[in-house]
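Number of protein chains: 2
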Amino acid sequence: MPTIRDVARAAGVSTATVSAVVNGSAYVSPRLRTRVLSAVSALNYTPSLAAQTLKRGRSQLVALVVADLANPFFGRVVCAAEAAAAAWGYALVVCNSDEKPEKERRILGRIRTLSCDGVLVVPVGAAWPPEAEAMAVPTVQFGRVVEDGRSDSVSIDNVAAASQVTDYLLDLGHRRIGSITGPLHLTTGRGRLDGMLQAMRARGVAPCPGHVRSGEFREDAAYSVAREMLDRPGRPTALYVASGVMALGVMRAVTDLGLRCPDDISIASTDTIPGIGGLRPRLTRTEHPVADMVNEALRLLVDRMTRDAQASPRHVVFRPAMILGDSCGPAERAVAGAAP
Amino acid sequence: MPTIRDVARAAGVSTATVSAVVNGSAYVSPRLRTRVLSAVSALNYTPSLAAQTLKRGRSQLVALVVADLANPFFGRVVCAAEAAAAAWGYALVVCNSDEKPEKERRILGRIRTLSCDGVLVVPVGAAWPPEAEAMAVPTVQFGRVVEDGRSDSVSIDNVAAASQVTDYLLDLGHRRIGSITGPLHLTTGRGRLDGMLQAMRARGVAPCPGHVRSGEFREDAAYSVAREMLDRPGRPTALYVASGVMALGVMRAVTDLGLRCPDDISIASTDTIPGIGGLRPRLTRTEHPVADMVNEALRLLVDRMTRDAQASPRHVVFRPAMILGDSCGPAERAVAGAAP
DNA sequence: CAAATCTGGCAAAACGGTTAGGCGCCGCTC
DNA sequence: GAGCGGCGCCTAACCGTTTTGCCAGATTTG
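Top to bottom, those sequences are chains A and B. The number in our numbering is simply the position in the first sequence, starting from 1, with 729 added. The number in our numbering is simply the position in the second sequence, starting from 1, with 729 added.
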């Protein structure tokens, strides 16, 4: 790998001049400029980012820490983040905390040594790890929010999303509505459950205790919870499911139990996953503008990295859109079949 | 951020000693060792990777360049690669070439300036870009293979996979078998088509010209090709589809055309996507051991990075496994319905 | 015409680590 | 007790950039 010194020697100038030409940071006479540029392309020179990082204190690296890379939802996040980071001229380092706070801590440490300029993180725990607190890297939380009094955040209005979906089920006449939501220490878990309960309460409908369940945001977890809930008498006539992957698991459970959707049970979810459009029946759900959210998150991050790192935290909340499929039907039919 | 000098001052030793303690690269007396370690944790010191990179010439960075991040298949690749890279102690930089050779070139240049220690790449073009040739970074090609006489590669036996699937359809009695495969300048496109044709030829079955189609590895592309192919008289009784996302698109087209699978048409594919298990009918397909393949690719890459960069290229080919679903039926039923 | 100003380019000092080489000091040998 | 290794630590050079002075020459100014 040729260095700036090789280029300087080849062009018969100093390294300062080469640097000035390459970065356009100072005026250089046309004569020297062309000499330098031809030496650059002759040697196929590229400045070393490591050296630049050392000198400038900026690495042009942004880290993305997701909670579960195997979840297609986060696949979309990675995809959008890569595009946004590239557009801003940053390279994206992807890490997977796998829903484990301890792994998240290790990763945040590593990010510090990598001297990333910023971090986009889907936090895993209920609280922000103290050592991350100390790490003075601009941070934007994505999707989930844990208060730390410093980071920006970009999230969806979980309560609104869930109550919107629940309202829809209530409108269809359902009263025995079950729910499978995510871990309650996460805002995406707690908030969606609250939204659902809130909508029920607003109509004076009391949820049946055994029908309100929560588990991990995973296909298999949702499958087994659904299977258990639906396999006993007095099963709900409608089910609110908190996420796209979970809905997939629930659908599978429904099929495996020999139930038909929406005839025997209505299913609706907040959030979705790519490719779910091919699934029949088409899922009634909310769609979250992941790409827009990621773009906004990167905008906030870049702003904080390049402008004011000390600005007071900003919290952007997006609103979901409801998409009607055909996975929900009127309550009457289902009630008959589900009666104990 | 505290530097090694701060630690040295706090512990009353030289930077060399701090370095020796932190890296365990030389013997240091217990007394000083503890002094250094407590200074390290008191200051919360982490060595700067940029400085280490500069000095050691290794960045502990591995780049992954995928052809289409939006494709869930590559989502799995990213997931597996992150895990493998982390296990080897590397951070993963993810880039998306978006099937554009020009973008791939830009990315490879960027990787050079990042001084990544190695690259895992899903090549986009029919040939290896010359400037990438020049870039002396250890490279492993993943999935697709373009000869460059230098990189290792890890791929699946596309021909075997496709002919296995086609054989299955032939065994069911199908003769009018259509195919939707990927771009023919890619080994994953060409190879799978060849495998399919080979299997047909071996049974003396001539494919109907209009039924052999290829397009991009995308859901919407497959949807429109399938829709067009299936909407005219004399449609095939069975369809071989080259990839999981494409199968999703084909399934959607089948449903939208009011056809039933497998009653009206049998569908089988090579490769799959996560979550397809929830789809009904269950797709008959091959499964590719993506995680194993990625692990092997990283093993090769690490080997080349840490041992012999000049070793002659190794090409590892994996074999797919066939998974029987219920998306295929005997030919008789379908033939009746599809007759012109 | 001397002095002041400007201009384009260079030398050298960082940035934060690693590491080769050197140098006391201790204990051993004869 | 002088000579001698070896141990334990330090000094300093170096990795490839950026950037701050600074300098020589050209140009303008009084």
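Backbone N, C-alpha and C define an ideal beta-carbon position, used for all residues, glycine too. None of the values given here were measured: they were computed from a predicted structure.
Is it buried or exposed, residue i, if we count other Cβ atoms within 10 angstroms and call 16 or more buried?
i: Leu843/A; result: buried
i: Leu959/A; result: buried
i: Pro1069/B; result: Note that Pro1069/B has pLDDT 49, beneath the 50 cutoff, so the model's placement of it is unreliable and the number below is only indicative. Pro1069/B is exposed by the Cβ-count criterion.
i: Asp957/A; result: It should be pointed out that residue 957/A corresponds to Glu in this sequence rather than to Asp. Exposed is the call here.
i: Ala779/A; result: buried
i: Ala809/B; result: buried
i: Gln870/A; result: buried
i: Asn752/A; result: exposed
i: Arg785/A; result: exposed
i: Leu812/B; result: Looking at the sequence itself, residue 812/B is Ala, so the reference to Leu does not match. Flag for Ala812/B reads buried.
i: Asp992/B; result: exposed
i: Asp900/B; result: exposed
i: Ser777/A; result: buried
i: Val1046/B; result: exposed
i: His1044/A; result: exposed
i: Glu948/A; result: buried
i: Ala865/A; result: exposed
i: Arg760/A; result: exposed
i: Pro962/A; result: exposed
i: Glu828/B; result: buried
i: Ala856/B; result: exposed
i: Gly911/B; result: buried
Taking 8 Å as the cut-off, decide whether the C-beta atoms of residue i and residue j are in contact.
i: Ile996/A; j: Ser1056/A; result: yes
i: Gly924/B; j: Ala891/B; result: yes
i: Val678/B; j: Ala955/B; result: Beyond the ends of chain B as shown, which are 730 and 1069, falls residue 678/B; an answer cannot be given.
i: Arg1048/B; j: Ala889/B; result: yes
i: Arg1014/B; j: Gly1058/B; result: no
i: Ala768/B; j: Val883/B; result: no
i: Pro858/A; j: Glu833/A; result: yes
i: Val757/B; j: Thr746/B; result: yes
i: Ala814/A; j: Thr966/A; result: no
i: Asp735/B; j: Leu772/B; result: yes
i: Asp846/A; j: Met1034/A; result: yes
i: Pro938/A; j: Ile906/A; result: no
i: Arg942/A; j: Asn887/A; result: no
i: Thr916/A; j: Arg873/A; result: yes
i: Leu749/A; j: Ala740/A; result: Correcting the residue type first, residue 749/A is Ala in the shown sequence and not Leu. Cβ distance not < 8 Å, so Ala749/A and Ala740/A don't count as in contact.
i: Leu790/B; j: Val823/B; result: no
So the candidates are the options; which of them puts its Cα closest to the Cα of residue i?
i: Asn825/B; options: Val851/B, Glu957/B, Val866/B and Ala755/B; result: Val851/B
i: Gly918/A; options: Asp896/A, Ala982/A and Ser998/A; result: Ser998/A
i: Ala792/B; options: Asp992/B, Ala816/B, Leu1030/B and Leu977/B; result: Leu1030/B
i: Asp1000/A; options: Asn1024/A, Thr868/A and Ala1050/A; result: Ala1050/A
i: Met1022/A; options: Gly987/A, Ile733/A, Phe803/A and Leu772/A; result: Phe803/A
i: Val765/B; options: Ser743/B, Ser754/B, Thr782/B and Gln781/B; result: Ser743/B
i: Glu876/B; options: Glu1061/B, Pro1042/B and Cys990/B; result: Pro1042/B
i: Gly878/B; options: Gly872/B, Glu862/B and Asp886/B; result: Glu862/B
i: Val848/B; options: Gly920/B, Thr910/B, Ile836/B and Val983/B; result: Ile836/B
i: Gly854/B; options: Ile840/B, Pro830/B, Val874/B and Asp846/B; result: Pro830/B
i: Pro801/A; options: Asp985/A, Leu968/A and Leu977/A; result: Leu977/A
i: Pro1003/B; options: Ile994/A, Asp985/A, Gly987/A and Val974/A; result: Val974/A
i: Glu860/B; options: Arg841/B, Val1019/B and Ala749/B; result: Arg841/B
i: His940/A; options: Gly933/A, Arg964/A, Asp1037/A and Glu1061/A; result: Arg964/A
i: Val788/A; options: Asp985/B, Arg839/B and Ile994/B; result: Residue identity differs from the one stated: residue 788/A is Ser in this sequence, not Val. It is Arg839/B.
Return yes when at least one heavy atom of the ligand ATP lies under 7 Å from the C-beta of residue i, else no.
i: Leu837/A; result: Of the ligands one can find in the structure shown there are none, so the ligand ATP has no counterpart to examine.
Note to self: Beta carbons nearer than 7 Å to chain B: which residues of the region 1001 to 1021 of chain A have them?
What the structure shows: Per Cβ criterion, the list reads Ile1002, Pro1003, Gly1004, Gly1006, Gly1007, Leu1008 and Arg1009.
Notebook entry, point to check: For the region 813 to 834 of chain B, which residues have a CB atom closer than 8 Å to at least one CB atom of chain A, in sequence order?
Noted result: Taking 8 Å as the upper bound on Cβ-Cβ separation, chain A lies near residues Ala815, Ala820, Leu821, Val822, Val823, Cys824 and Asn825 of the region 813 to 834 of chain B.
Check: Relative to chain A, which residues along the region 974 to 986 of chain B have a C-beta separation below 8 Å, given in chain order?
Finding: Only Val974, Leu977, Gly978, Met980, Arg981 and Thr984 from the region 974 to 986 of chain B bring a Cβ to less than 8 Å from some Cβ of chain A.
Check: Going along the chain, which residues of the region 833 to 859 of chain A sit with their C-beta nearer than 8 Å to a C-beta in chain B?
Finding: Flagged, chain order: Gly838, Arg839, Arg841, Thr842, Leu843 and Ser844.
Next item on the list: Using a Cβ-Cβ cut-off of less than 7 Å, list which residues of the region 782 to 810 of chain B approach chain A; keep chain order.
Entry: For the region 782 to 810 of chain B, which is checked against every Cβ of chain A, the residues closer than 7 Å are Thr782, Leu783, Ser788, Leu798, Ala799, Pro801, Gly804, Val807 and Cys808.
Notebook entry, point to check: Using a beta-carbon distance cut-off of less than 7 Å, what residues from the region 756 to 775 of chain A approach chain B?
Noted result: Listed by position, the residues of the region 756 to 775 of chain A near chain B (Cβ gap below 7 Å) are Asn773 and Thr775.
Next item on the list: Give the residues from the region 860 to 872 of chain A that approach chain B closer than 7 Å (Cβ to any Cβ), ordered along the chain.
Entry: Of all residues in the region 860 to 872 of chain A, those with a C-beta nearer than 7 Å to a C-beta of chain B are Ala863, reading in chain order.
Margin query: Between the region 1002 to 1017 of chain A and the region 1005 to 1012 of chain B, can you find at least three pairs of beta-carbon atoms closer than 8 Å?
Written below: Contact between the region 1005 to 1012 of chain B and the region 1002 to 1017 of chain A is present: three or more C-beta pairs spanning the two stretches fall below 8 Å.
Margin query: Any C-beta of chain A within less than 7 Å: which residues of the region 952 to 971 of chain B qualify?
Written below: Within the region 952 to 971 of chain B, no residue places its CB atom closer than 7 Å to a CB of chain A.
Notebook entry, point to check: Is the region 895 to 903 of chain B touching the region 919 to 938 of chain B in the sense that three or more CB pairs, one from each, lie closer than 8 Å?
Noted result: Short answer: they touch.
Checklist line | Residues in the region 923 to 957 of chain B having any Cβ partner in chain A nearer than 8 Å | finding: For the region 923 to 957 of chain B, the set of residues with a beta-carbon nearer than 8 Å to any beta-carbon of chain A comprises Glu948, in chain order.
Next item on the list: Check each residue of the region 1046 to 1065 of chain B: if its Cβ is closer than 7 Å to any Cβ of chain A, include it; give the result in chain order.
Entry: Taken residue by residue, none of the region 1046 to 1065 of chain B has a beta-carbon sitting less than 7 Å from a beta-carbon on chain A.
Item checked: Residues of the region 1020 to 1046 of chain A with Cβ closer than 9 Å to any Cβ of chain B, in chain order -> Flagged: no residues at all.
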